[in-house]
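Peer 1:
Number of protein chains: 2
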Amino acid sequence: MAPERTRRRIPDATVARLPVYLRILTEQGDEGVDSISSERLAELGGVNAAKVRKDLSYLGSYGTRGVGYEVAYLVYQIRRELGLTHDWPVVIVGAGNLGQALAGYGGFGERGFPVAGIVDIDEAKVGSVLSGVRVRHIDELPQIVQTKRVSIGVVATPAGAAQDAADRLVRAGVTSILNFAPVVLAVPRAIEVRKVDLAVELQILSYHEQRRAGGAIHAVGTPRPASA
Amino acid sequence: MAPERTRRRIPDATVARLPVYLRILTEQGDEGVDSISSERLAELGGVNAAKVRKDLSYLGSYGTRGVGYEVAYLVYQIRRELGLTHDWPVVIVGAGNLGQALAGYGGFGERGFPVAGIVDIDEAKVGSVLSGVRVRHIDELPQIVQTKRVSIGVVATPAGAAQDAADRLVRAGVTSILNFAPVVLAVPRAIEVRKVDLAVELQILSYHEQRRAGGAIHAVGTPRPASA
DNA sequence: GCTGCTTTGTGAACGTGTGCACTAGTGCCT
DNA sequence: AGGCACTAGTGCACACGTTCACAAAGCAGC
Chain F
292 MAPERTRRRI
302 PDATVARLPV
312 YLRILTEQGD
322 EGVDSISSER
332 LAELGGVNAA
342 KVRKDLSYLG
352 SYGTRGVGYE
362 VAYLVYQIRR
372 ELGLTHDWPV
382 VIVGAGNLGQ
392 ALAGYGGFGE
402 RGFPVAGIVD
412 IDEAKVGSVL
422 SGVRVRHIDE
432 LPQIVQTKRV
442 SIGVVATPAG
452 AAQDAADRLV
462 RAGVTSILNF
472 APVVLAVPRA
482 IEVRKVDLAV
492 ELQILSYHEQ
502 RRAGGAIHAV
512 GTPRPASA
Chain C
292 MAPERTRRRI
302 PDATVARLPV
312 YLRILTEQGD
322 EGVDSISSER
332 LAELGGVNAA
342 KVRKDLSYLG
352 SYGTRGVGYE
362 VAYLVYQIRR
372 ELGLTHDWPV
382 VIVGAGNLGQ
392 ALAGYGGFGE
402 RGFPVAGIVD
412 IDEAKVGSVL
422 SGVRVRHIDE
432 LPQIVQTKRV
442 SIGVVATPAG
452 AAQDAADRLV
462 RAGVTSILNF
472 APVVLAVPRA
482 IEVRKVDLAV
492 ELQILSYHEQ
502 RRAGGAIHAV
512 GTPRPASA
């Protein structure tokens, strides 16, 4: 018989929130909560209750009117939708500050993303061990990706090396990339890239701070275009 | 005379892209490029040219038709709008893996966000020096915030300690928070919070990987709600 | 069983963001 | 001086996301 067809496409905004619901539900489950209403879930997630219901409705009708959602069941459904029914090993490129922190950050493995390997181009760094993972040379990337069946790569190199890192990841067979370098990566259309730029986040906060402080306080000294 | 009024509110989506333009423009400026078209800027930023023009138009009419934008001038205007005409010292709470990496990540200081201090609640970590910054005890937070005029705090603690860290930051006088802990922080309305959750990013990638792999391949074994 | 309370699921209105396509300046070349 | 090529700025239509408000559905108590 036909397995459930890949359901209606889920809006990006919803996909981005599902992990949050999942975390809250898991926590609640651990605390012995069996059932939860959209309102409570919304409160814990810092969002609107209607949004929670709409988001969850994209997965199917897994709630019970008058009661709420069964925590364990909902956890299962979200995990399934997100593809978290099995682990996704990741490989980290770049064993600098950030790469080391990521490798050492237990949160990845715990949440289903074990670090299959960490590589660097710098021979000096190869061989050192970070929180149980030995740094290998970047030339071993294809082998790691193949043998460990890695489909997600993390770029944690300096900006200048990021594109090369991405190219190598793609060549090695990775199909998704999480990019921490402050550059726009050029990759084949089929590759999914997400970018996390810490400085950008701070700059957005700066904008709000500046705005709060009263906007453009001093137009004084504004250089004009050095026209001709 | 009246300084320029705080101009029309800039859409969030635009604010989030301005730092990207800024980085590209700065790079181009360093490479000796004087003038740049919206098309070229769009290409380098991986976005649509019309979007670039619309985004920049929120700052004012700083381009020249038929020519493009003067790089240096545009850099200045974006910096001003984002409040980057002066540095914003930040204080990091949590000297674990991530906190250490952030403190050691030169990119912050370079881009106008020098690390004014890093604190931890663990006496054992206090006193050690990370990339030039000495770890201090969290009780010194108010003093650091006051003397260094810090308005941005970074939460880099484990999930369990994050709310306490946020509370302390707010009490110390910080008005913006960048949160790396996987929890929804409760803070007064006036406080601006941005969240970066590495695991969420991976889960979003996982969703796409799973979808690529053919969606719900096995409805087999799906547990049903353990009703009564 | 019926009534009333609760909570989901969703249609519809609204708001925000995106991208096209056109207008209006600007510089350059003849 | 006039025309051409180019590119910023923007009105408009569309797509996407959010929120409200209500009907449908289930449970509990009588």
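Chains as they are written, first to last, in the working numbering: chain F, 292 to 519; chain C, 292 to 519.
Backbone N, C-alpha and C define an ideal beta-carbon position, used for all residues, glycine too.
#1: What residues are listed by DSSP as bridge partners for Ile435 of chain C?
#2: Check the C-beta distance from Gly400 of chain C over to Trp379 of chain C and give it rounded, since I have them as a contact under 8 Å.
#3: Closest Cβ-Cβ distance between Arg503 of chain F and chain C: below 8 Å?
#4: In chain C, what lies closer than 8 Å to Pro473 of chain F by C-beta?
#5: Beta strand (DSSP E) containing Gly451 of chain F: first to last residue?
#6: Got a sec, what are the start and stop residues for the alpha helix (DSSP H) Arg344 of chain C sits in?
#7: Would the C-beta of Pro405 of chain C count as close to the ligand GDP, meaning under 7 Å from any of its heavy atoms?
#8: If you check the beta carbons only, do Gly395 of chain F and Leu421 of chain F fall under 8 Å apart?
#9: By a C-beta neighbour count over all protein chains shown, 10 Å radius and 16 as the cutoff for buried, is Asp520 of chain F buried or exposed?
#10: List the residues of chain F that Pro485 of chain C touches, going by C-beta distances under 7 Å, in chain order.
#11: Please name the residue or residues paired with Thr355 of chain F in a DSSP beta bridge.
#12: Thinking C-alpha only, which one of F:Gly397, F:Ala341, F:Ser328 is nearest Leu365 of chain F?
#13: Rounded to the nearest angstrom, what separates Ala447 of chain F and Asp455 of chain F at their Cα positions?
#14: Under the assumption that Val445 of chain F contacts Leu469 of chain F (Cβ atoms under 8 Å), give the Cβ distance between them as a whole number of angstroms.
#15: Just curious, the alpha helix (DSSP H) that Val311 of chain F is in, first and last residue?
#16: Would you list, in chain order, the members of the stretch 330-349 of chain F that have their beta-carbon closer than 8 Å to a beta-carbon of chain C?
#17: Kindly list the residues whose CB is nearer than 6 Å to the CB of Val343 of chain F, restricted to its own chain and excluding five residues on each side of it in sequence; keep chain order.
#18: Three-state secondary structure (DSSP) at Ser467 of chain F?
#19: For Lys416 of chain F, count neighbouring Cβ atoms within 10 angstroms of its own Cβ and tell me buried if that reaches 16, exposed if not.
#20: If you run the structure through DSSP and keep just helix, strand and coil, what is Arg331 of chain F?
#21: Buried or exposed: which applies to Val436 of chain C, given that a residue is buried once 16 or more other Cβ atoms fall within 10 Å of its Cβ?
#22: Which ranges would you report for the beta strand (DSSP E) in the stretch 395-424 of chain F if only whole runs of at least 3 residues count?
#23: Tell me which residues share the same chain as Ile482 of chain F and place their Cβ nearer than 8 Å to its Cβ, disregarding the 5 neighbours each side in the sequence.
#24: If you run the structure through DSSP and keep just helix, strand and coil, what is Ser518 of chain C?
#25: So, helix, strand or coil for His428 of chain C, using DSSP?
#26: Taking Val311 of chain C as the query, report the chain F residues whose CB atoms sit under 9 Å from its CB, ordered along the chain.
#27: When burial is assigned at 16 or more other CB atoms within 10 Å of the CB, is Asn388 of chain F buried or exposed?
#28: For chain F, find out if any of its Cβ atoms is closer than 8 Å to the Cβ of Thr297 of chain C; answer yes or no.
#29: Starting from the beta carbon of Thr466 of chain C, find every residue of chain F whose beta carbon is closer than 8 Å, and list them in chain order.
#30: Please name the residues in the stretch 392-416 of chain C whose beta-carbon is closer than 8 Å to at least one beta-carbon of chain F, in chain order.
#31: Could you list the residues in the stretch 419-444 of chain C with a C-beta less than 7 Å from some C-beta on chain F, going in chain order?
#32: In its own chain, which residues sit with a C-beta less than 6 Å from the C-beta of Ile301 of chain F, not counting the 5 before and 5 after it?
#33: Since Ser326 of chain C sits in a beta bridge, which residues does DSSP pair it with?
#34: Quick one: grab the DSSP three-state call for Ile383 of chain C.
Peer 2: Taking the structure as given:
#1: Looking at the DSSP assignment, Ile435 of chain C forms no beta bridge with any residue, so it has no partner.
#2: Rounded, the Cβ-Cβ distance is 11 Å, inconsistent with contact.
#3: yes
#4: Arg314, Gly398
#5: Counting along the chain, Gly451 of chain F falls outside any beta strand (DSSP E), though it belongs to the alpha helix (DSSP H) covering 450-463.
#6: 340-348
#7: The ligand GDP is absent from the structure shown, which contains no ligand whatsoever.
#8: yes
#9: With chain F covering only 292 through 519, there is no way to say anything about residue 520 of chain F.
#10: Looking at the sequence provided, one finds Arg at residue 485 of chain C rather than Pro. In chain order: Glu492, Ile495, Leu496.
#11: F:Gly359
#12: F:Ser328
#13: Taking C-alpha positions only, Ala447 of chain F is separated from Asp455 of chain F by approximately 12 Å.
#14: 5 Å
#15: Per DSSP, Val311 of chain F belongs to the alpha helix (DSSP H) from 303-321.
#16: Leu335, Gly336, Gly337
#17: Ser329, Leu332, Ala333
#18: strand
#19: buried
#20: helix
#21: With 16 or more other Cβ atoms within 10 Å, it is buried.
#22: For the stretch 395-424 of chain F, whole beta strand (DSSP E) runs of length 3 or above, ordered along the chain, are 406-411.
#23: Val461, Val465, Thr466, Ser467, Ile468
#24: In this prediction, Ser518 of chain C has a pLDDT of 36, which is less than 50 and means its spatial position is unreliable; what the coordinates show is noted afterwards. Of the three classes helix, strand and coil, the one that applies to Ser518 of chain C here is coil, per DSSP.
#25: DSSP places His428 of chain C in strand when its eight states are reduced to three.
#26: Pro473, Val475, Asp488, Val491
#27: Within a 10 Å sphere around the beta-carbon of Asn388 of chain F sit 16 or more other beta-carbons, which makes this residue buried.
#28: Confidence is the limiting factor: at Thr297 of chain C the pLDDT is only 43, short of 50, which leaves the residue's position unreliable, though a coordinate-based value still follows. Yes - at least one Cβ of chain F is within 8 Å of the one on Thr297 of chain C.
#29: Glu500, Arg503
#30: Going along the stretch 392-416 of chain C in chain order, one finds Ala392, Leu393, Gly395, Tyr396, Gly398, Phe399, Arg402, Gly403, Phe404 with a Cβ nearer than 8 Å to chain F.
#31: Ser442, Ile443
#32: Tyr349
#33: C:Glu361
#34: strand
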